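Per the numbering used here, the sequence shown starts with residue 10, numbered consecutively.
Beta carbons are placed, not taken as given, at the ideal position from N, Cα and C, and that holds for glycine.
All values reported here derive from a predicted model rather than from experimental measurement.
Below you'll find the structure, written out as structure tokens, and then a few comments.
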Amino acid sequence: MKLFFAPDFSSLADHIALQEAGLAFEVAEVDLESKQLGDGDSYLAVNPKGLVPALQLDDGAVLTENVAILAWIADRAPHLVPPGALGRYQLLEMLSFIASEIHKRFPIYFSLPEDAQESVGDDIVRWFGFLGPRLEHGHLFGETFSAADAYLFVMARGALAMEFPLGEAYRDYVARIEGRPAVQAALRREQGRAQ
Ligand SMILES: N[C@@H](CCC(=O)N[C@@H](CS)C(=O)NCC(=O)O)C(=O)O
């Protein structure tokens with residue numbers, strides 16, 4: 010299978026989840042400006058939405074949307090699903106929340122003139138804050154890393170780099186998740202420093 014990504018964008022969450030799952034995969038970098046792949050082909054032929062991520066499966070089928078791709082990966086790696094009878098649905102609940110209440114607000118925030126960004130920025134910080142107490146035991150679902158942590162990590166890492174005031178608990182969370190070997194492997198591979 011092949012993950013279509015752009016370095017440090019939300020596709021990093023799927024990249025991390027694939028590494029954590031121990032699945033074999035290739036990566037293909039997308040130039041988000043031109044929508045071209047490294048070999049000159051158009052990415053729009055893979056994903057007509059022109060957005061990353063996309064995951065092309067071995068039979069050629071293509072999955073898009075972080076929620077769907079992360080859930081697909083977690084279905085193949087049960088250790089990435091929160092424990093319990095409702096674990097799979099709690100994972101979907103969390104992925105949907107991150108996608109709609111946090112992730113989606115970033116492009117809206119950056120599409121606005123600076124003097125109109127404040128209320129969207131406040132909402133971003135508020136929803137990160139809503140999840141903050143859950144990180145007390147290290148991860149969104151307690152002591153074990155789940156596919157939702159891959160997504161929240163990428164969102165929080167980006168928000169901190171943009172100087173959103175997420176607070177100490179998020180700085181610790183991002184540093185802790187960034188230290189995971191699978192995360193380091195994904196970051197190196199996105200920078201072209203490993204295969
Ligand atoms: N709903 C989509 C959103 C994906 C998305 O916004 N991707 C951004 C990078 S984080 C992108 O490809 N932006 C390029 C563009 O807007 O042209 C998902 O969750 O997969």
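A distance of 8 Å or more separates the beta carbons of residue 173 and residue 129. The C-alpha of residue 39 is placed about 5 Å away from the C-alpha of residue 46. If you keep only unbroken alpha helix (DSSP H) runs of at least 4 residues inside the stretch 77-120, you get 96-106, 114-120. Here the alpha carbons of residue 154 and residue 146 stand approximately 10 Å from one another. For residue 63, the uninterrupted beta strand (DSSP E) segment begins and ends at 63-65. Secondary structure at residue 40: strand, using DSSP grouped into helix, strand and coil. Straight-line measurement puts the Cα of residue 162 at about 6 Å from the Cα of residue 183.
Separation of the CB atoms of residue 61 and residue 41 is rounded to 7 Å, and the pair is thereby assigned contact status at 8 Å.
For residue 60, no alpha helix (DSSP H) encloses it, and the DSSP letter there is neither H nor E.
The criterion of a C-beta distance shorter than 8 Å is satisfied by residue 198 and residue 36. For residue 169, the enclosing alpha helix (DSSP H) has its first and last residue at 156-170.
Under DSSP, residue 13 takes part in a beta bridge, and its partners are 37, 63. By the Cβ test, the stretch 114-124 is not in contact with the stretch 96-103, since fewer than three Cβ pairs between them sit closer than 8 Å. DSSP places residue 28 within a helical segment (H, G or I) once states are collapsed to three. Not a single heavy atom of ligand 1 lies less than 7 Å from the C-beta of residue 199.
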